[in-house]
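Chemist: Have a look at this one.
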Amino acid sequence: MDFPQRFSNLPEYAFPRLRALLDHLTPGGEPMAMTIGEPRHQMPAFVGEVLAATLAGFNRYPPNEGSPELLAAFSGWLKRRYGVDVAQDRLMVLNGTREGLFNAAVALSPETKNGATPVILTPNPFYQVYAIAALTVGAQPVYVPATSATGHLPDYASLPAELLDRVTIAYLCSPANPQGAVASQDYWAELLALAEKHDFRIFADECYSEIYRDAPPPGILEVAARVGADPERVVSFHSLSKRSNLPGLRAGFLAAGPKSARAIRQLRAYAGAPVPAPIQAVAAAAWSDETHVAESRALYQEKYRIADEVFGGLNAYLPPEAGFFLWLPVADGEEATLKLWQETGLRVLPGAYLSRDAEGGNPGKGYIRVALVNNADETRHGLTLLRNCLYT
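Structural data, given as structure tokens:
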């Protein structure tokens, strides 16, 4: 059976595409992967203990929206991190934030807006689930360049008013994947004002919020509270994958306005898969502890310093503000990826695989994405290979 027509032009997902590019070729050295954003720091020491103590929870159906203890952990963390009070009925546990980023669009994007096909905005480059969510709900995805000219964040306000009036959802990742750019308080406030003017929701993907160089990135919830924005304008997504080095736990959460949260919870009740109770118990412990987060962040900050040293003096190098990727400019991302693999054995991701052709070009074509997830020695070795191969 074929895909529905609206999916017919989807390119292959980034990592199968990378395998097709490289796997038939012989690496030029000991293979080393700096591709996928899979954290490799030590997970919190308490995970096994909590899981063992709650194993009996696998014998019953878990609470759909999250246990009272887990919802309390979410709201407690939001209060500590952003200074906001979010009622528990506005929160929901997720099987990783990809589930939420997709299902929230299904729950909240109408079939039409102002008598026309709805529009969903996404930065370009972007996390690929944004596009498939737009296509699934029958919306028109509009890919808005997030380039050096715009501070590596999309300039949604520059879009025509007639298009903005059709927007139902605008995705925004801050800190940005892949560029590491951070939305300032002013950026969030201006986007909230734009959403109010043109009546759309902001889906704030804040999964990298706890990995940063100097200052904690502002969050949309704190800015929305400061400017008195309508809570229904915002759905914020957070994850333990990056914050707590638990990508295999598949546990995140969302915070939304009361009506939005009710609609998303209702969809989960009919069609979703609740997070098992022992996983919820581990998640509650992780959201309640900051020690392991600070220790992991210090390791990333060490790797920022290594990257700054290795690429020091290169005009092409833009130090990331946050997150754990380098977004390195090259003449052509695929050619650079092939060269690295065949000459050094280093594996990176062409930037074009994270972007779409729009407005006459692909904004990721002249970049590669490099993940800083290996240990410090491996990171220094890999980045040195990269610099010597591509920039000297």
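Per the UniProt record's numbering: the sequence shown = residues 1 to 392. We put the CB at the ideal spot given by N, CA and C, even for glycine. Only a predicted model underlies this, so the values are computations on that prediction, with no experimental measurement involved.
Per DSSP, what kind of secondary structure is A72 in: helix, strand or coil?
Modeler: Mapped onto the sequence shown, residue 72 falls at position 72. DSSP places A72 in helix when its eight states are reduced to three.
Chemist: Give the straight-line distance between the Cα atoms of L390 and N362, rounded to the nearest whole angstrom.
Modeler: In the sequence shown, residue 390 corresponds to position 390, counting from 1. In the sequence shown, residue 362 corresponds to position 362, counting from 1. So the alpha carbons of these two residues sit roughly 21 Å apart.
Chemist: For the candidate residues Q179, E206, R98, L18, whose alpha-carbon lies nearest to that of I220?
Modeler: Translated into the one-based positions of the sequence shown, residue 220 becomes position 220. Put simply, of Q179, E206, R98, L18 the residue whose alpha carbon is nearest the alpha carbon of I220 is E206.
Chemist: Might you give, ordered along the chain, the residues of its own chain that have their beta carbon closer than 6 Å to the beta carbon of S209, omitting 5 neighbours on each side?
Modeler: Mapped onto the sequence shown, residue 209 falls at position 209. Beyond the five residues adjoining it in sequence on each side, S209 comes within less than 6 Å, by CB distance, of P217 in the same chain, given in chain order.
Chemist: Going by DSSP in three states, S161 sits in which element: helix, strand or coil?
Modeler: Within the sequence shown, numbered from 1, the residue matching residue 161 stands at position 161. Per the sequence shown, residue 161 should be read as Ala rather than Ser. Three-state DSSP puts A161 in a helix.
Chemist: On the criterion of 16 or more Cβ atoms from any shown chain inside 10 Å, does L55 qualify as buried, or is it exposed?
Modeler: As a first step, residue 55 must be located in the sequence shown, where it is residue number 55. L55 is exposed by the Cβ-count criterion.
Chemist: Just how far apart, CA to CA, sit K259 and L22?
Modeler: Here residue 259 is taken as the residue at index 259 of the sequence shown, counted from 1. Here residue 22 is taken as the residue at index 22 of the sequence shown, counted from 1. In a straight line, the C-alpha of K259 is about 47 Å away from that of L22.
Chemist: Ends of the beta strand (DSSP E) at F58?
Modeler: Here residue 58 is taken as the residue at index 58 of the sequence shown, counted from 1. Premise fails: F58 is in no beta strand (DSSP E) and is neither H nor E.
Chemist: Check L18 in the structure and name its three-state DSSP category.
Modeler: On the sequence shown, position 18 is the one that residue 18 refers to. Per DSSP, reduced to three states, the secondary structure at L18 is helical.
Chemist: What's the gap between the Cα of G96 and the Cα of C173?
Modeler: Locating residue 96 in the sequence shown gives position 96, counting from the first residue. Locating residue 173 in the sequence shown gives position 173, counting from the first residue. Distance between the alpha carbons of G96 and C173: 15 Å.
Chemist: Starting from the Cα of N388, find the closest Cα among L349, P231, L314, E321 and give me that residue.
Modeler: As a first step, residue 388 must be located in the sequence shown, where it is residue number 388. Looking at the Cα atoms, L314 is the closest of the given residues.
Chemist: Is the Cβ-Cβ distance between residue 407 and V106 less than 8 Å?
Modeler: The first residue shown for the chain is 1 and the last is 392, placing residue 407 beyond what the model contains.
Chemist: Quick one: what does DSSP say N124 is sitting in, helix, strand or coil?
Modeler: By 1-based counting over the sequence shown, the position of residue 124 is 124. In the structure shown, N124 sits in a strand (DSSP, three-state: E or B).
Chemist: Taking 8 Å as the cut-off, does the region 223-231 touch the region 59-69 (at least 3 CB pairs, one atom from each stretch)?
Modeler: no
Chemist: Decide if the region 190-198 is in contact with the region 237-252; the criterion is three or more beta carbon pairs, one per stretch, under 8 Å apart.
Modeler: no
Chemist: With H, G and I counted as helix, E and B as strand and the rest as coil, what does DSSP make of Y317?
Modeler: Taking the sequence shown and counting its residues from 1, the one referred to as residue 317 is at position 317. Three-state DSSP puts Y317 in coil, outside helix and strand.
Chemist: Measuring CA to CA, which of A298, P350, A176, V142 is closest to P160?
Modeler: Your numbering for residue 160 matches position 160 in the sequence shown. Answer by Cα proximity: V142.
Chemist: Are the beta-carbon atoms belonging to I368 and V330 less than 8 Å from one another?
Modeler: As a position in the sequence shown, residue 368 is number 368, starting the count at 1. As a position in the sequence shown, residue 330 is number 330, starting the count at 1. In contact: I368 and V330 (Cβ atoms closer than 8 Å).
Chemist: Applying the 10 Å Cβ sphere with the 16-neighbour rule, what's the burial state of R297?
Modeler: Translated into the one-based positions of the sequence shown, residue 297 becomes position 297. R297 comes out buried.
Chemist: Can you find a heavy atom of the ligand ATP that lies under 7 Å from the Cβ of A20?
Modeler: With respect to small molecules bound, the structure shown includes none, and the ligand ATP cannot be examined in it.
Chemist: Consult DSSP for H238 and reduce its assignment to one of helix, strand or coil.
Modeler: Taking the first residue of the sequence shown as position 1, residue 238 is located at position 238. In the structure shown, H238 sits in a strand (DSSP, three-state: E or B).
Chemist: Pull up the DSSP beta-bridge partners for K113, would you.
Modeler: Start at 1 with the first residue of the sequence shown, and residue 113 comes out as number 113. Answer by DSSP bridge pairing, in chain order: A116.
Chemist: Using CA atoms only, rank isn't needed, just tell me which of F74, V275, T122 is closest to Y82.
Modeler: Counted from its first residue, the sequence shown places residue 82 at position 82. For Y82, the nearest C-alpha among the options comes from F74.
Chemist: Going by alpha carbons, who is nearest to K79 out of Q342, L354, S288, V348?
Modeler: Numbered from 1 along the sequence shown, position 79 holds the residue referred to as residue 79. Measuring C-alpha to C-alpha distances from K79 to each of Q342, L354, S288, V348 identifies S288 as the nearest.
Chemist: Per the DSSP calculation, W327 is bridged to which residue(s)?
Modeler: As a first step, residue 327 is located in the sequence shown; it is residue number 327 there, counting from the start. Under DSSP, W327 shares a beta bridge with R369.
Chemist: Give me the Cα-Cα distance between A189 and I202, rounded to the nearest whole angstrom.
Modeler: The sequence position of residue 189 within the sequence shown is 189, counting from 1. The sequence position of residue 202 within the sequence shown is 202, counting from 1. Taking the straight line joining both Cα atoms gives about 11 Å.
Chemist: Would a C-beta distance cut-off of 8 Å place G323 and G180 closer than the cut-off?
Modeler: Along the sequence shown, read from residue 1 onward, the residue named residue 323 stands at position 323. Along the sequence shown, read from residue 1 onward, the residue named residue 180 stands at position 180. In this structure, G180 lies closer than 8 Å to G323 by Cβ.
Chemist: May I have the straight-line CA-CA distance separating E222 from G382, to the nearest angstrom?
Modeler: On the sequence shown, residue 222 is found 222 positions in, with the first residue counted as 1. On the sequence shown, residue 382 is found 382 positions in, with the first residue counted as 1. Spanning the two alpha carbons is a distance of roughly 38 Å.
Chemist: Using 10 angstroms around the beta-carbon of P123, count the other beta-carbons present and answer buried if the total reaches 16, otherwise exposed.
Modeler: Locating residue 123 in the sequence shown gives position 123, where the first residue counts as 1. Burial call: buried.
Chemist: How is the alpha helix (DSSP H) around G382 delimited, first residue to last?
Modeler: Looking up residue 382 in the sequence shown gives position 382. First-last of the alpha helix (DSSP H) with G382: 376-390.
Chemist: Pull up the DSSP beta-bridge partners for G361, would you.
Modeler: On the sequence shown, residue 361 is found 361 positions in, with the first residue counted as 1. A358.
Chemist: Short of 7 Å in beta carbon distance, which residues of its chain neighbour H152, apart from the five on each side in sequence? Order them along the chain.
Modeler: Locating residue 152 in the sequence shown gives position 152, counting from the first residue. Contacts found: A146, A176, Q179, A181.
Chemist: Buried or exposed for T379, going by 16 or more other Cβ atoms inside 10 Å?
Modeler: In the sequence shown, residue 379 corresponds to position 379, counting from 1. Flag for T379 reads buried.
Chemist: Would the beta-carbon of R17 fall within 8 Å of that of Y353?
Modeler: Counting from 1 along the sequence shown, the entry for residue 17 is found at position 17. Counting from 1 along the sequence shown, the entry for residue 353 is found at position 353. Against a cut-off of 8 Å, the Cβ pair of Y353 and R17 comes out as a contact.
Chemist: Looking at R347 and M32, is the spacing between their C-beta atoms short of 8 Å?
Modeler: Position 32 of the sequence shown holds residue 32. Position 347 of the sequence shown holds residue 347. Closer than 8 Å, so yes.
Chemist: Just to confirm, is the Cβ distance from A283 to V93 under 8 Å?
Modeler: Looking up residue 283 in the sequence shown gives position 283. Looking up residue 93 in the sequence shown gives position 93. Against a cut-off of 8 Å, the Cβ pair of V93 and A283 comes out as a contact.
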